[in-house]
Every structure is written in C-alpha cells, then in structure tokens.
Amino acid sequence: MLLYSDLPALVDGTLLQAPTDPTLAVQYLLLDSRRVGVAAGSLFFAIRGAQHNGHRYLPELYQRGVRQFVVDSASEIPGGPAAFPEAGFVVVPNSLRALQELVARHRAQFRVPVLGITGSNGKTIVKEWLAQMLSPDELLCKSPRSYNSQVGVPLSVWELNRTHTFGIFEAGISERGEMARLAAVIQPTLGIFTNLGTAHDAGFSSAAEKVAEKMQLFRHVDTLFYCRDHALIHAAAQQLLDASRTFTWSRQHPQEAHVAVTVLEATADRTVVRVAQRRPLPQEHTFTVPFADEPSLENALHCLMVLLWRQVAPAEIQRRLDRLHPVAMRLEMKQALNDCYILDDTYNNDLAGLSLALDALVRQPRRGRRTLILSDVLESGLAGPELYARVAQQLATHGVERLVGIGPDISASAVAFPGASAEFYPDTAAFLADFRPDQFRHETILVKGARRFGFERIVAVFQQKIHGTVLEVNLDALVHNLNFYRSRLQPGTKLMVMVKAFAYGSGSYEVANLLQFHRADYLAVAYADEGVDLRQQGISLPLMVMNPSPDSFQKLRQYHLEPEIYSFEALADYLRAAQEQPLPPMHLKLDTGMRRLGFTEEDLEELCALLQTHRAQLRVASLLTHLAGADEAQHNDFSRQQLAAFSRMAPQLEAALGYSVLKHALNSAGIIRFPDSHFDMVRLGIGLYGVEATGQQQDALYPVSTLQTTVSQVKTLAPGQTVGYSRRGQATDYERRIATLAIGYADGYDRRFGNGGGEVVIRGQRAPIVGNVCMDMCMADVTGIAGVQAGDVAEVFGPNITLTELAGRIGTIPYELLTNVSDRVKRVFVAE
Ligand SMILES: *Cc1c(COP(=O)(O)O)cnc(C)c1O
C-alpha cells in the first residue's frame, strides 16, 4: 500500500500541503478529470499538454472528492492550496515524469517475466494474440487496447500486481528520447520488435535513427524476438545485443536465423507453414495459421516463436493457433433490435479493459438505460468477492443501470450486485436459450466478454435480421414531420400531439418519448389506461385523456391525467369525484357540428351556470372543438361555420369561469387548411406519421412507417392450377411463379387486398396479391420478377407504396391501415 505521505520521496517532489487525512493511500492513478472512478483512492497528476493543462481541473476534482494531487506549478493551483483545505499537494518539476518515476518504482517490485513490444505495425494485435496463446499457462497483465504512449504505458504497468505471473506491454513513440523513458517504466525482460513500416516519421531524421531509438526498449532484455528479414531491425539488434540474447526467424535467410519458416500452402483463409528450428535443438514442424494475409501471418509467427522458445508442445501450439481471432481494434457502436445500440467489445475481458469500455459507454449519447452484458472477468488475480466488488463499484460510477452477468464466477458473486436489475446465467448458451428480444428496449448495451464466452453470438442475435413481418418506424422522419408542422404555426402556438391508439400504431412510448425530447406541449390519448402506460414509462408531459370513464378518476388523480369532459353526466361525475379529492384540470369539448361528443350551443346557458356555481371545485385547462370535414375542400364552408361557432362559445365560457383558457380546434388537415384559426394550440395527428390529409403538402412530409414482410416460399403454378382457399387464385393458361408472404389479416392485412386488390413491392417491382388473404399469410404473383426467393423482403406499405394509395385501393383511409397493424407485428425503430 502506497501512502500519499511517501510520495515526495518516490517522485523527487516536495510536500506543499499535507492532506488532513494522513492515512490517505494511492490506489488509482488519474490523468483525466472526466474519468474519476473511486475518488477516495485516486491520485491526480496535473499534466500539461499542447492543448490542455491539468491544473485547470483541480476544483472540479476536489469537488468530486479527489484529495491527492501532484502538480508541477504551485502558482497554477486555482485559488492556491488553501482553496482545497482537505487536499494534499506534492510539487514536482514535471508531473508526467513524476508519473513515470512512480510507476517505474512500482514495476521494480516484481520479478516476473515482462515482455515489451514495439514496432511500426501490429503491436496491439501481437500483444492480444500472445496473451490469448499464453493465457492457459500464465496469469497475465497487459496493456489495455493500444495504451502505449508516455501516459498510457505507466497507466498499464500500474496494474501489475503480486498475483500476475507474466506481463505484456506495448510501447509506441513519436520522438527521440521517448523510448528510454518507456523502457524505464516497463523494464522488459523479453521483447518483440514487430516490424518497421516505411512511413516517414516527422520525429526522426532517418529510418535508421528511428529503429535505433525503438531498439532502446530492449537494452536490458534477456531475449529479443524479431524477424531477421527486416534488415534495419537486424542491424540495430546486432549493435545493441549479442546474438545469445536474440531469437530470430526468417523466410528469406533460413541459414542465418534460429528458425526458418517456409510457406507450404496458402488458401483463402489460412496458411500452412513449415517451421524448422536450427538452434538450440534441430526440429521441424508444420503449423496451420488461421489467416491468409501477410500482416496477420507475420503477427502470428511472432507469437508462435515465443511459444516455441518456451518449448510448448507443437500440438498444443497448433491448438492455441486455431483459437486465434481477429482483434477488434475499436469499440463499435451497432444498431440493434428495439432501438437498442450495442457497444461491441467481445474479445477480452480484464479489469483494465472493462474500465475503458465503460468510459466509452458513458461517452455515448444517452439512449434509454445503460446495460452491461458481462462475462466472468478473467486474469485479474483477485479472489471472486474482491474482484466483483470492484466491478460493482465500476458499474456504479459509470451509471450502469442493468447488468446481465454470464459465467459461473460472476453468477457466484451475484451478491456483489444487489438491486433488481441484475440477472445471471451460468453460460452464454443459457442466456441465448432465454433470450427474448422484447426484454431489451431502448438501451445502450455494452457487450463485454472474454474470448471463450463467445459473446459474438450474443451480438449476432441482437443484430439478427429481423424476420417475419415488421413495422419499421423511422423516428428521424417523424421528427422531420413534427418540424414541418411547427414551421406552419405562429410563434407561441402550442402543439398537442395525438398519441392515441398506440400512437396510430407506431408505438406510443417511443413516439411519446421522442415528442417529449422535442418539447411538444401536450399529448393526448383516448383512454386513461393509455395515459397510465405512458406515465409508467416516464412520460411527464401534460396528457389529455379524451374518453375517461367515471371509474378511471382515481387513475387520473394518481397519474395526473387531464380528462376531456363532453357531457353533463361526465361533468357531474367529475364534480362528485372532485369533492372527495381534487382532480387534474379538465378540457371541455364543444360540439360545433361533428355531432359526436361535446356540449352544443344550446347547452351553453346551463353549462355556464354550472361552471359558475362550481368554480371552486373545478379547473378548466382548455376548450376544444373538432372539425368534421377538415381534410376535404368541399366542406370548407361548414368548417368555417364550426370555427365561428367555437369563437362565439368560447368567450361565454371563459366569462363564466372568470379566467381565460387554452382554445384549440384544428387537427393535421386543419393546420394546413385554416392557418388563421390555429387559436392557442393545434392537435397534430396523422400528419406526424407522414400522411398529409388534405393532399396539398404531401411532398413536404416523409413516410414514417414501413410495413414489410418476408417471402416464405416460392412455387411454380402450372397452367390451370389455382391458389389458396376457395380456389380463388384464378388459373391461367401460362405458368406462374407465386410467392407466399408471411402476413395475413390477423396481422392487419385486410382481406380486401386479396384477388388483385393489393400489391406488394418485391425486388423493387410490384407484385399483385392473388387468391384470398388468409389469417397468417397471403400470396403474390411474382411471375415477372426475376430471382425472387424465400427470405426476400416484401414491402406492404412504405416509401414505394404509400399508405394513401393502399388505403384508396380498398376504399378506406390511412388511419385505419396504420392502426390495424396488429400487436403481434414487431415494431422496429430506426434513427441515425
Ligand atoms: C385524433 C384526433 C385529432 C388528430 O386528427 P388527425 O386527423 O390525425 O390530425 C385531433 N383532434 C381530436 C379530437 C382527435 O380525436
């Protein structure tokens, strides 16, 4: 345990201010103020770079609980040390050097073999592969990813502890003088010089100078591995080390290396090599390297040499070669099911790598909750309880809300992760057996597993091409349409968006969430239960319920849902309930010509009297009416009469109430047709979902929903044969190709689309529906479309067949088609 009070002696510094707690110990090294994990044990080095100055972040770090600091200028402590009464400050000539010195001392405590890797290319891959190949024999400590810089190397080597039996660290430099410092930190006993690229390095005057500088890493190694065919590397090695301290291999100079390599056979995905070792013992073996490209072959051969030198049995070397996998150099963000995003890090899983990956997770834009799918953490050298307590701490500091733990060890340590949002599986197969796509929604999921857990299978199921019938909802298009309608409003006019009927079939929560993000003013649903669902999912916008039943008043109260009141009976119910306990404000619906729900002009006198009498018990949020014919120009006069009636009625009601309220009359079509009558608010519905009901501005909207299905089978019909039930698919005198599609009327595909009523788009071409539409499937004639096969996608509606066209074909309206898409059809939300 390193005490802060020991620090000045170790890093050639002076104690400027002692911390109030003299027992403070250094556990974590911190260089980036955004990455405070466990503040209490962190020592911050205020490092200066070309672009930044660590001293600027001291107040922020102090506020977050960091108490141990190394600075290289007392005068740059903002406000002076007194501004940080509990903190300790050690002043050093150079903070970066102090970091390196501290870690060099840490490294010197351990006597295990440490292998240093440098070279122009392949450092990280050789490191990862060698770790894979040595892991059955050793407990390894290695640099996470490509942590090979002046700061990355010390942070990596700091992780070395008593339990490790082997270290592998990579070193990369860009200027003269840098390698000696990294060598002092790594103190390698073994080395690999991977290769030398031709790229010109600005920091060096010549390739020879560059190679000599890099070679400094190996000044004190016992054995250096390199390929003899790189002449410059060979020359530099000969200068620095005598031959007894090298282990070389060659394809071009077989007589001059320890090992001669001959390629016997190269196929598209593997290379067979003969490996003839001359020294110390002559022996010859054949290996198959599971890669075909030159760089991978070279990288694999470096690793193979280390195993040969360690006298691992050839059959065992082959087994380990077989298990090598390409190394993912970057974390990738992948779009997955149910608007989830996957951060794919399925290649290794040690503690240092976990913390890096969690940092990456935190940097992603927030999309729903943060989830981690994590395998057993390997190679930590820590006992289970301590290890998983540390993991749990990391999850907490990175705001991970849900954990899926896979593996016997992490499952055994489940107690380290209290809380409902942790689940455990003994292995990957058990997880996959239980997997249901709808368990994951709207999450950013970090998938982090050790190689042997095969987590790429998990990523694959998240990304699987979604089979069967899918309603794809394009959230970007939805936002575009929202903004189009907004651009039509006077500034200050509020926007209520109708998310009734599962947001017109599109998925109420996802749509509502997006609308909340984009600051709609109000939402409206038909029934109280729809509102309750939205509230339970975290929607906090004001919500109007258009059809509240009297028995739902308790829910209205509990979830703050505002009822629409459209009759004297409903008003009496409201007043009765409000006498017991206050209710959210109401919206009064006025019937100006729809003749459906609402108070008419004849009701007005009685209504005003009631409102006046009960002023104390009720609060009105708005007055609304609804046009009967906004979408059709032929009803313009009638619509104007409705609007005029609304304008007459509203002031009388406001007078009775004694205050003014929001007034709104227009739906999507009305917004376009009656720009002078937007009142205080409009009610956007179908337009948001991409249908411009007046037809005047259709081009300004983007289609939001695409209903697509797949071809289950393709059949050839001989002349005279019929298709499907009741033999309605008419026989013809020529041979036809018929594709059976995985959609039927139970999915919402109307029976009226049968027998030529509808068309789908397959491979960019129209195919008419033949025969009757069945419950779960229907058939399309694909005779003229080349290459149709099972698994092909068929668009039912979307960009190529508009909802408006399809609705017109069976004499209905887009609203009905959208809301008919049944629950069993998966919704997939896409966004850039
Ligand atoms: C559904 C609904 C709307 C929205 O109508 P669209 O034609 O979809 O824009 C507006 N007002 C009321 C009262 C509604 O029920």
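1 is the number of the first residue of the sequence shown in full-length UniProt numbering; add one for each residue after it. We put the CB at the ideal spot given by N, CA and C, even for glycine. Quantities reported herein were computed from a predicted structural model and do not represent experimental measurements.
Suppose the cutoff is 7 Å on Cβ atoms and the five residues either side in sequence are ignored; what does the same chain contact list for residue i look like?
i	result
Val306	Leu130, Phe225
Thr189	Pro113, Val114, Val221, Asp222
residue 834	In the structure displayed, the chain extends from 1 to 832; residue 834 sits before or after that span and is not available.
Thr716	Glu735, Arg737
Pro585	Glu562, Arg619, Val620, Ala621
Pro426	Pro408, Ser411
Can you check which of these residues, the options, is closest to residue i by C-alpha distance?
i	options	result
Leu241	Arg441, His220, Cys227	His220
Val90	Gly79, His106, Gln68, Phe110	Gln68
Val714	Val38, Pro675, Gln789	Gln789
Glu316	His626, Tyr4, Phe517, Pro136	Pro136
Leu382	His258, Ile173, Tyr341, Glu159	Glu159
Phe287	Pro280, Glu76, Pro295, Ala260	Ala260
Asp792	Gly468, Val825, Leu590	Gly468
Glu605	Thr819, Gln652, Val391	Gln652
Val704	Val26, Leu182, Asn474, Phe417	Asn474
Met775	Ile762, Ala767, Gly744, Leu803	Gly744
Val38	Gly658, Leu61, Asp21	Leu61
His480	Gln27, Leu688, Arg488	Leu688
Gln318	Val327, Leu31, Arg390, Pro290	Pro290
Asp32	His52, Leu571, Asp21, Leu583	His52
Ala616	Arg640, Thr802, Leu583, Asp21	Leu583
Leu541	Arg648, Arg111, Asp269, Ala524	Ala524
Asp521	Gly507, Ile539, Ser508	Ile539
Ala352	Arg145, Ser421, Thr23	Arg145
Ala718	Ser712, Thr710, Ser726, Asp733	Asp733
Which residues in the same chain as residue i place their Cβ atom closer than 6 Å to its Cβ, once the five residues preceding and following it in sequence are excluded?
i	result
Leu662	Ser622, Asp680, Met681
Leu96	Ile47
Tyr566	Lys589, Leu597, Gly598
Gly593	Ala628, Gln642
Ser552	Ala528
residue 833	Any answer about residue 833 is impossible in this case: the structure gives the chain only from 1 up to 832.
Gly368	His442, Glu443
Arg181	Gln100
Here's a check: name, in chain order, each residue in its chain whose Cβ is nearer than 8 Å to the Cβ of residue i, leaving out the five neighbours to either side.
i	result
Asp810	Looking at the sequence itself, residue 810 is Ile, so the reference to Asp does not match. Hits under 8 Å: Asp750, Arg752, Phe753, Gly757, Gly758.
Lys465	A caution first: Lys465 carries a pLDDT of 49, below 50, which makes its placement in the model unreliable, though a value can still be read off. Nothing listed; no residue qualifies.
Glu832	Bear in mind that the predicted position of Glu832 carries a pLDDT of just 48, short of 50, making it unreliable; the figure below should be weighed with that in mind. Correct list, in chain order: Asp476.
Thr819	Ala501, Phe502, Tyr504, Gly505
Hey, would you say residue i sits closer than 8 Å to residue j, going by beta carbons?
i	j	result
Thr118	Ala171	yes
Val796	Val760	yes
Ala46	Val70	yes
Ala794	Gln708	yes
Ala292	Thr267	yes
Asp299	Gly122	Note that residue 299 corresponds to Asn in the displayed sequence, not to Asp. The answer is yes: Cβ separation under 8 Å.
Lys500	Ala526	yes
Arg728	Leu471	no
Arg441	Cys303	no
Ala98	Gly13	yes
Ile671	Arg488	yes
Where do the ends of the beta strand (DSSP E) carrying residue i lie?
i	result
Pro563	562–565
Phe247	246–250
Ser705	705–717
Val312	Where Val312 is concerned, there is no enclosing beta strand (DSSP E), given that its DSSP letter is neither H nor E.
Met775	It is not in any beta strand (DSSP E) - Met775 carries neither H nor E in the DSSP assignment.
His587	586–589
Gly784	First-last for Gly784: undefined, no H or E at that position.
Asp12	That residue, Asp12, is in no beta strand (DSSP E); it is neither H nor E in DSSP.
Phe674	Neither: Phe674 is in no beta strand (DSSP E) and is coded neither H nor E.
Asp345	340–345
Lys375	Before going further, note that residue 375 is Ser rather than Lys in the sequence given. Looking at the DSSP string, the run of the beta strand (DSSP E) that includes Ser375 is 370–375.
residue 843	The structure shown has nothing for residue 843, since the chain only spans 1 to 832.
State the start and end residues of the unbroken alpha helix (DSSP H) segment that holds residue i.
i	result
residue 838	Coverage of the chain is limited to positions 1 through 832, which leaves residue 838 absent and any answer about it impossible.
Leu556	553–559
Arg535	528–536
Glu580	568–580
Would you say the beta carbon of residue i is closer than 7 Å to some non-hydrogen atom of ligand 3?
i	result
Asp339	Among the ligands modelled here, namely ligand 1, ligand 3 does not occur.
**Message:** As a quick check of your reading: which residues have a C-beta less than 5 Å from at least one non-hydrogen atom of ligand 1, in chain order?
**Reply:** Met498, His626, Asn667, Ser668, Arg683, Gly685, Ile686
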